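Asker:
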Amino acid sequence: MQLAPQGLYRPAWNACLLGLGVFALCLFGILSRPGGDLASFWPANAFMLGMLVRYPHFAHKGSWVAAATGYLLADALTGSPLTKNLLLNAGNLLSVAGGYLVFRRIDPAMRRLRTPLSVLYMLLAIVCAAFTAGLFGLYANPYLFQDKPIQGFAMWFATEMATDIAFLPALLTLPEWKRERRQWLRQQLQPAKLLPALTLLLSAAFGAAVGGPGAIAFPVPALMWCAVSYSLFTTSILTFGVSAWSLVSIAMTLQGATSGNVDRDLLLSVRMGLSLVMLTPI
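For the sequence shown, the numbering used here assigns the number 7 to the initial residue and increments by one for each residue that follows.
(1) Helix, strand or coil: how does DSSP classify I243 here?
(2) Taking C-alpha atoms, which residue in S69, T240, I222 lies nearest to A168?
(3) Can you find the residues in the same chain that come closer than 6 Å, C-beta to C-beta, to T179, ignoring five residues on each side of it along the sequence?
(4) Leaving out the 5 sequence neighbours to the left and right, which residues in its chain are closer than 6 Å to A21 when beta-carbon positions are compared?
(5) Where does the unbroken alpha helix (DSSP H) through Q152 begin, and where does it stop?
(6) Look at the Cβ atom of A139, then the Cβ atom of G97, and state whether they are nearer than 8 Å.
(7) DSSP state of W5, grouped into three classes?
(8) Enumerate in chain order the residues of its own chain whose CB-to-CB distance from S275 is below 6 Å, with the five nearest sequence positions on each side excluded.
(9) Is the beta carbon of W251 less than 8 Å from the beta carbon of A210?
(10) Helix, strand or coil for D113 per DSSP?
(11) Roughly how many angstroms lie between the CA atoms of F109 and G213, to the nearest whole one?
(12) CB G76 to CB F34, shorter than 8 Å?
(13) Do P202 and S235 come within 8 Å of each other at the CB atom, strictly closer than that value?
(14) Quick one: what does DSSP say S86 is sitting in, helix, strand or coil?
(15) Out of L229, P17, S38, A131, state which residue places its alpha-carbon closest to the alpha-carbon of H66.
(16) Can you list, in chain order, the residues of its chain with a C-beta nearer than 6 Å to that of S38? Leave out the 5 residues immediately preceding and following it.
In structure tokens, the structure reads:
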């Protein structure tokens, strides 16, 4: 993947691209925060981790500095106090580092999720990233949200787990060359190939209309159909879309139903349940 010009400035260019991507996804995540709580969907960490693993030439000190700048700038522009900004984004960077340290020890051939065993390795890295976030939440949660430390561990762990499972597989299985991508696109546009995706769209819409935490189960049969009909990359993209839609819509529904006071225990249950459900098609 050629994302930067050749020569002396390529590392700096790559760092800027990574920082801009983190910044944009942070803004999206901040907009999904229900009632000032942790974001319903926070793809910035998964994006950064996936880029460092999928494209190793991004993994240098400049990229970490650029990403940290993207994190801090997004919170600063949306009005977060300095202390909250620093705490939240220290946790984000530590979570990415925890997952990256595991991925570095995995054979590069296993990082593309071409075998069932490689999916287990990915899950190990995700659990490590989520556990690191949870440990940071033990300290940060009482300070930021005046809640119990163990609740902080659970919420930070569940949020990171759900988002990483949704987003990482799509990045790790992204087709490499332009010819490969054109071939993938032609395969997906065949009329017979559209039916599983349309069924998934209808089931997700029906689940949203019914509402409630149980809505996350409505798309599961269609996701299983997609998993046996499409490539792993296509399945990952569809799973990502369903995960993002489910997490954000359910959190906003709960916020509206409780006049802004979100039930954190219910959110925790939804995020953990969704993360396990969305792992199944992968």
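Where is the CB? At the ideal position from N, CA and C, for every residue including glycine.
Keep in mind the model is a prediction, meaning the values are calculated, not measured.
Answerer: In brief:
(1) helix
(2) I222
(3) L119, L238, F239, S242
(4) G68, S69, A72
(5) Careful: Q152 lies outside any alpha helix (DSSP H) and carries neither H nor E.
(6) yes
(7) Residue 5 falls outside the range modelled here, since the chain spans only 7 to 288, and no answer is possible.
(8) none
(9) yes
(10) coil
(11) 35 Å
(12) no
(13) yes
(14) coil
(15) P17
(16) A45, S46, F47, V254
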